[in-house]
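Numbering (my numbering), first residue to last: 5 to 123.
Everything on this sheet refers to the single structure shown next.
So this is what it looks like as structure tokens:
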């Protein structure tokens, strides 16, 4: 998967913004100000970090040991790094983006959830 496809999918979700707060090599996508994914723009193949339920994170790493790794520079219990070299199915990647987005959404304050609903 290329960065344009990944970025477009993430930005199609409600309340998502993008930025480069960690420098030009790391695209950060946030939901209502909370990070739900980071894409390493200087990595070939593309690598992205996604938040994940801890039990599911372990299971995914066991199922895809070459392509789903503990989150690089992140809390390894709650984040995975996906290596997008074509081995993972696009549907799985999008499902994991949705999972990360939903975990962040669930953790938003009531006020932020209401603001999101108004978008």
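In this text, a Cβ means the ideal position worked out from N, Cα and C, and glycines have one as well.
Assign residue i to one of two classes, buried (16 or more other C-beta atoms within 10 Å of its C-beta) or exposed (fewer than that).
i           : result
residue 40  : buried
residue 63  : exposed
residue 123 : exposed
residue 88  : buried
Excluding five sequence neighbours on each side, which residues of the same chain lie with their C-beta closer than 8 Å to the C-beta of residue i?
i          : result
residue 81 : 58, 61
Excluding five sequence neighbours on each side, which residues of the same chain lie with their C-beta closer than 7 Å to the C-beta of residue i?
i          : result
residue 35 : 19, 20, 105, 108, 109
residue 29 : 44, 45, 46
Tell me residue i's beta-bridge partners as DSSP assigns them.
i          : result
residue 23 : 32
For residue i versus residue j, is the C-beta distance shorter than 7 Å?
i          : j          : result
residue 51 : residue 85 : yes
residue 14 : residue 33 : yes
Excluding five sequence neighbours on each side, which residues of the same chain lie with their C-beta closer than 6 Å to the C-beta of residue i?
i          : result
residue 53 : 42, 75, 78, 83, 85
residue 71 : 87, 91, 92
residue 38 : 108
Sequence ranges, alpha helix (DSSP H) only - wholly within the stretch 28–103, length at least 4: 58–67
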